[in-house]
Amino acid sequence: MLFLWNGEARLSETSSVTRTMATVTREANEDDTGVLADLLRRAFRDVAERFDLTAENCPKNLAFCTEQRIKDDLERGVRYYILEEERKICGCIALERAKPDVCYLMRLAVLPGHRGKGHGKMLVHHIFEKARDVGAQRVEIAMISKDRKLKNWYKKLGFLQKGTKRFDHLPFTVAFMYRELSREEGE
Ligand SMILES: CC(C)(COP(=O)(O)OP(=O)(O)OC[C@H]1O[C@@H](n2cnc3c(N)ncnc32)[C@H](O)[C@@H]1OP(=O)(O)O)[C@@H](O)C(=O)NCCC(=O)NCCS
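With the numbering used here applied, the sequence shown corresponds to residues 747 to 933, in that order.
Here's what the structure looks like:
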């Protein structure tokens with residue numbers, strides 16, 4: 747059984763699953779931009795394939811992420827956090843403070859070979875914690891509306907949908923979801 751404690755994923759002694767431990771090791775800095783761009787491109791490849799997204803019809807999709815984009819993110823104050831398993835970077839997530847009480851959860855990615863072990867959930871909970879630390883009361887996300895599995899996954903993490911929108915520059919409908927943060931709950 748996988749359980750979460752202080753930002754670490756651990757397997758209980760009774761687990762029959764291969765023992766693994768992944769940790770959100772640190773906040774990223776300017777030395778990590780190349781690694782992060784590469785990670786995001788690899789993690790979003792299957793998303794691009796599933797929704798027929800190409801560099802031509804959807805250059806903003808993270809399957810086509812450039813190092814410059816990460817640099818620009820860091821410059822405007824987006825904070826990236828890195829997930830490592832056995833000292834290898836296998837995931838990331840980012841947080842942008844949109845308003846004093848609202849943070850955006852962005853750039854969530856776990857490499858395909860590392861999925862299904864609770865790492866994504868741990869990254870999201872890490873962001874809840876960081877958002878609380880800066881006094882936010884709500885975390886918001888934008889996602890491909892048709893990605894039903896992902897939407898249900900976010901719902902299980904307490905997100906609610908607040909609407910959808912079509913944008914001229916995107917070949918899919920965007921769904922907006924939010925999660926209220928209560929001070930009491932200890933995620
Ligand atoms: C979404 C993502 C980060 C989840 O990472 P993870 O480490 O596998 O997450 P967890 O192990 O905590 O949770 C696994 C769950 O994710 C679900 N899931 C979420 N999105 C999914 C998708 N698009 N396709 C298949 N399963 C998905 C799985 O069904 C599984 O559900 P279960 O726990 O009920 O079995 C990972 O699938 C990923 O990087 N996807 C590509 C990038 C992406 O879509 N990012 C989000 C952009 S808004």
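Just so it is clear, CB atoms sit at the ideal spot from N, CA and C, and this is done for glycine as well.
- Task: Consult DSSP for F905 and reduce its assignment to one of helix, strand or coil.
- Result: Three-state result, F905: coil.
- In whole angstroms, what is the alpha-carbon distance linking Q883 and I873? Q883 and I873: Cα-Cα distance of roughly 12 Å.
- Find the nearest neighbour of M868 within the set I839, S891, D847, A844, judged by alpha-carbon distance. Ranking I839, S891, D847, A844 by CA distance to the CA of M868 puts I839 first.
- Query: For ligand 1, is there a heavy atom less than 7 Å away from the beta-carbon of L896?
  - Reply: Checking every heavy atom of ligand 1 against the Cβ of L896, one is found closer than 7 Å.
- Neighbourhood of D847 by C-beta distance below 6 Å, restricted to the same chain and skipping five residues each side: Taken in chain order, the residues that qualify are A882, Q883.
- Query: Are E830 and T779 close, meaning C-beta to C-beta below 8 Å?
  - Reply: Taking 8 Å as the Cβ cut-off, E830 and T779 do not qualify as a contacting pair.
- Item | Separation of E821 from W899, as counted between CA atoms | Their backbone Cα atoms lie some 31 Å apart in a straight line.
- Message: On the DSSP letters alone, give me the boundaries of the alpha helix (DSSP H) that T771 sits inside.
- Response: Where T771 is concerned, there is no enclosing alpha helix (DSSP H), although the beta strand (DSSP E) it sits in stretches over 768-773.
- Tell me where the alpha helix (DSSP H) around F922 begins and ends. Note, F922: premise wrong, no alpha helix (DSSP H); beta strand (DSSP E) at 919-926.
- Query: By Cβ distance, which residues of its chain are closer than 8 Å to T910, with the 5 residues on each side in sequence left out?
  - Reply: Same-chain partners within the cutoff: S891, T919, V920, A921, F922.
- Since L697 and R825 are thought to touch, with beta carbons under 8 Å apart, how far apart are those beta carbons, to the nearest angstrom? Outside the shown range of the chain (747 to 933) lies residue 697, about which nothing can therefore be said.
- Is the beta carbon of L857 less than 8 Å from the beta carbon of R912? Taking 8 Å as the Cβ cut-off, L857 and R912 do not qualify as a contacting pair.
- Query: Secondary structure at L841, three-state DSSP: helix, strand or coil?
  - Reply: Judged by DSSP in its simplified three-state form, L841 adopts strand.
- Task: Output yes or no for whether 8 Å exceeds the beta carbon distance between R796 and A809.
- Result: Going by C-beta atoms, R796 is not nearer than 8 Å to A809.
- Message: Using a Cβ-Cβ cutoff of less than 8 Å, which residues in the same chain neighbour Y924 once the five nearest sequence positions on both sides are dropped?
- Response: Contacts found: R884, V885, E886, I887, F905, L906, K908.
- Message: So, with DSSP's three-state summary, where would you put E813?
- Response: Three-state DSSP puts E813 in a helix.
- Item | Residue(s) in a DSSP beta bridge with M868 | Secondary-structure assignment with DSSP links M868 through no beta bridge to anything.
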